[in-house]
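Here the working numbering is used: position 235 in the sequence shown is 306, and no number is missing along the way. For glycine and all other residues, C-beta sits at the position ideal for the given N, C-alpha and C. A quick note: this is a predicted structure, and the numbers were derived from the prediction, not measured. Below is one structure, written out as structure tokens; the observations come after it.
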Amino acid sequence: MPDNESQNRRIYVGLQEGVCAVSGQGETWICGDVTPLAHAAARLTASPVVGGRAYLAAYEAGVYRTDDGGQTWRHLDAYPSDYAHSVQADASDQGKVYVGSEPASIYSSSDGGDTWEECTGFTAVPESSQWGFHAPTRDSHVRDLRAAPHDSSYLYAAIEEGGMVRSQDGGTTWKQLPGIHDDVHCIALSGARPKSLYVATSRAPYRTDDEGDNWEVISDGVDGRYALHIAAAPDDADLVLLTASGNSRRENPQFYRSTDGGRNWKLIESVGQDEDMVVSFDWDLQSPGTVYAGKEPGQIFCSRNHGETWRQLPVSLPKLAVGAMAVASA
Numbered sequence: 072m073p074d075n076e077s078q079n080r081r082i083y084v085g086l087q088e089g090v091c092a093v094s095g096q097g098e099t100w101i102c103g104d105v106t107p108l109a110h111a112a113a114r115l116t117a118s119p120v121v122g123g124r125a126y127l128a129a130y131e132a133g134v135y136r137t138d139d140g141g142q143t144w145r146h147l148d149a150y151p152s153d154y155a156h157s158v159q160a161d162a163s164d165q166g167k168v169y170v171g172s173e174p175a176s177i178y179s180s181s182d183g184g185d186t187w188e189e190c191t192g193f194t195a196v197p198e199s200s201q202w203g204f205h206a207p208t209r210d211s212h213v214r215d216l217r218a219a220p221h222d223s224s225y226l227y228a229a230i231e232e233g234g235m236v237r238s239q240d241g242g243t244t245w246k247q248l249p250g251i252h253d254d255v256h257c258i259a260l261s262g263a264r265p266k267s268l269y270v271a272t273s274r275a276p277y278r279t280d281d282e283g284d285n286w287e288v289i290s291d292g293v294d295g296r297y298a299l300h301i302a303a304a305p306d307d308a309d310l311v312l313l314t315a316s317g318n319s320r321r322e323n324p325q326f327y328r329s330t331d332g333g334r335n336w337k338l339i340e341s342v343g344q345d346e347d348m349v350v351s352f353d354w355d356l357q358s359p360g361t362v363y364a365g366k367e368p369g370q371i372f373c374s375r376n377h378g379e380t381w382r383q384l385p386v387s388l389p390k391l392a393v394g395a396m397a398v399a400s401a
């Protein structure tokens, strides 16, 4: 396993009003300039095949791309919607990227975002007529979008509110996955067990071991039904991190760790209590035991032992919630 202490890393960080890149190694980290955004950062994805490239979904401000490691970001004007809630770069095609929008729909680009087309098979699923949202001024939207680590043609979309939808052919055709709460926030997959997924919903965290055909609630030990963010270690599918709170207002947020696939959870007391909520986290694929977590006050913490112990990175960020993260090689 690579020694993460001696390897440069770049963390793309999405804030409430901007995006930046934090880079470094060991005890030496530098925060780059913050690029202002017209709306908050929703999701980030780093290209696994193009160095220095990452994409940002910025809610009502569309999609952005960087090709210089986060120094500058370009708004992708050709993207056909103002809404971008989620984004996923393809691991096998340097130009392929998917974006989840509102009303719930998915767009794809094969040239890095210069041109786009809608994945019409997504809204063609019969259940799409039942998708909606609890706020009358909003529509259903694709809150998260993930590709399976073993095969990027396997795509999973989390709809808020509409449940889970799966494609096994790169987004051409889709299938609604039954048996899960319809208000879905986050999807997690691990290369260690590709058929297993973890999902955070407003009711509870869920798990499936058959690509979403069957689900089980995994909330034992979680004090708060409202699951916000979830992520499994890339080298151990049973090692899972979770942020949950009491309700949509994020009251009493807690940060949890499970070593048995979410069947039991233990509170991480050193990070993410009360107003210091952990909002996002991302595993380092080049050093699988390493994970970074962003907090509400704008701090970043790191664990190099699968989330057992944590330390704060020596960087100063604006005191705005770290709402999205993506880890890449510098």
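- Rounded to the nearest whole angstrom, the CA to CA distance from E98 to L384 is 7 Å.
- Contact between the segment 175-191 and the segment 208-228 is established, with three or more Cβ pairs separated by less than 8 Å.
- DSSP places S374 within a strand segment (E or B) once states are collapsed to three.
- Checking the DSSP bridge columns, you'll see S387 has no partner listed.
- In the three-state reduction of the DSSP assignment, Q239 falls in the coil class.
- The segment 215-222 and the segment 192-202 do not touch, with fewer than 3 CB-CB distances between them shorter than 8 Å.
- The segment 316-324 and the segment 295-307 touch, with no fewer than 3 CB-CB distances between them shorter than 8 Å.
- The secondary-structure analysis by DSSP pairs F326 across a beta bridge with T314.
- Exposed is the label assigned to I101, since fewer than 16 other Cβ atoms lie within 10 Å of its Cβ.
- Separation of I82 and A397 (C-alpha to C-alpha, rounded to the nearest whole angstrom) is 6 Å.
- When DSSP states are grouped into helix, strand and coil, S199 belongs to the helix group.
- For G89, the uninterrupted beta strand (DSSP E) segment begins and ends at 89-96.
- In the three-state reduction of the DSSP assignment, F352 falls in the strand class, which pools E and B.
- Taken through DSSP and simplified to helix, strand or coil, T380 comes out as coil.
- Of the candidates W245, H252, D306, H252 places its Cα closest to the Cα of N285.
- When DSSP reads this structure, P107 sits in a beta bridge with G89.
- Counting the other CB atoms within 10 Å of its CB gives P107 a total below 16, which places it among the exposed residues.
- Annotated three-state conformation of G295 is coil, per DSSP.
- The beta carbon of I339 sits closer than 6 Å to the beta carbons of F326, R328 from its chain, once the five residues preceding and following it are set aside; these are given in chain order.
- With fewer than 16 other Cβ atoms inside 10 Å of its own Cβ, P249 counts as exposed.
- Take the alpha-carbon of T137 and the one of S341: they are about 34 Å apart.
- When DSSP states are grouped into helix, strand and coil, G192 belongs to the helix group.
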